[in-house]
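According to the working numbering, the sequence shown holds residues 23 to 336 in order.
We treat Cβ as the ideally placed atom computed from N, Cα and C, and that holds for glycine.
Written out below as structure tokens is the structure these notes cover.
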Amino acid sequence: MRLHRPRPAGRKVTAVQLAFDTLPTLETIRERLLLAMVEACRERPLLVVFPALTGLLALHLLAGREWRWGPSLTEAALRFGEAAEETLLDWARQLARQHDTYLMPGTCLVPTDEGLVHAAYLVGPDGQVLGRQLQTHVPAADAALGLVPGHEIHVWDVEVLRVGIAVGSDAWYPEVGRIIALQGATVMLCPTAVPAPYSRWRQLAGIWQQVQANQFFAVEAALSGAGGGVEFEGRTLIAGPVEMTGDGTIAAVPPGRRSQGWVTAELDLARLFRVRREYPIARFFNVELYGRVFPHLYEARQAETDRAREVQHR
């Protein structure tokens, strides 16, 4: 059923903090996401953002067995990751249509010929998938699961907002935020799943520094709860430049290992653009240097990764 109401004309965004649980049926998982979406849409946001790893909620049911963080997760995702992605996107299309809202429904681990990719999605109010963003930087803990990086960073127009997505650990890589900023983004979405305990300093090193370095808004939707033997504890946060917020925080959900909730904020684009005019840090972006140096660094790193993978499979 589609909710018949006028399309929100504002710039409200909602970030959802969700607790990971091992639920008994696909229907109970769908109901959990539906209830979270109903709460998130109380203030009629233009865009709703869910945390990372929502696609794993159904993986134990699709695989027919429990998984643990490590080789058994890798095996389950390689065999059933496509089905988990299809299931999550089916639910996401329904939720976006029902609430007439743009939706970033979280992330999945999806098999490819090279290994697993960590994928996030953007769904429109009509239920169409507008785009898919892969995690582009793979730290050692993710590489141990068999994750391989994506090679492109996209942005999309969500009515008055221009949106990019930093998937998982990409939020902690300055290059990702800078590439998103150079494509004209006003908002960076960050679905995260950070192991407990929560660290304020780790979060400051992630989206907070990205926001201050690039003068855009950021929306971090954090996972809590426990899955596969790992406890997660994040702090869902909507952040903006300190010139307009004081400390960089617009709204937040308190951290906690079982903490759930949501925050909604109106993104003041006029004020953001005023900050950019009064303190135009983009003038100091050395785009020529980026174009000359970074492609070679990434190509060299990819070649090193490819060689290591060949040795591993001999």
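Please state whether DSSP places V264 in a helix, a strand or coil. It is helical.
Measure the C-alpha to C-alpha separation of Y220 and A41 and round it to an integer number of angstroms. Approximately 14 Å between the Cα atoms of the pair.
How far does the beta strand (DSSP E) with F239 in it reach, from first residue to last? Judged by DSSP secondary structure, F239 falls within the beta strand (DSSP E) whose first and last residues are 239-249.
Considering only residues of the same chain and omitting the five flanking positions on each side of L183, which have a CB-CB separation below 6 Å? In the same chain as L183, and ignoring 5 residues on each side of it, the C-beta atoms closer than 6 Å to its own belong to T208, V209, in chain order.
Under the rule that 16 or more other beta-carbon atoms within 10 Å means buried, what is A243, buried or exposed? That one is buried.
Can you name the start and end residues of the beta strand (DSSP E) that A37 belongs to? Note, A37: beta strand (DSSP E), 34-42.
Can you list, in chain order, the stretches of the alpha helix (DSSP H) that have 4 or more residues and sit fully within the region 138-184? Entirely contained in the region 138-184, the alpha helix (DSSP H) runs reaching 4 residues are, in chain order, 162-165.
From F102 to W91, what distance separates their C-alpha atoms? The straight-line gap from Cα to Cα measures roughly 15 Å.
Residue closest to F306, alpha-carbon to alpha-carbon, out of R119, L294, A235: That would be A235, whose Cα lies nearest to the Cα of F306.
Does the structure place the region 191-207 close enough to the region 243-253 that three or more beta carbon pairs sit under 8 Å? Cβ pair count under 8 Å is below three, so no.
Which of the three DSSP states is assigned to L259 in this structure? Three-state DSSP puts L259 in a strand.
Whole beta strand (DSSP E) elements within the region 268-296, 3-residue minimum: Entirely contained in the region 268-296, the beta strand (DSSP E) runs reaching 3 residues are, in chain order, 271-274, 283-288.
Taking DSSP as the reference, what is the three-state secondary structure of V216? Coil, per DSSP.
Residue interval of the alpha helix (DSSP H) (run including V198): Segment 196-204, the alpha helix (DSSP H) holding V198.
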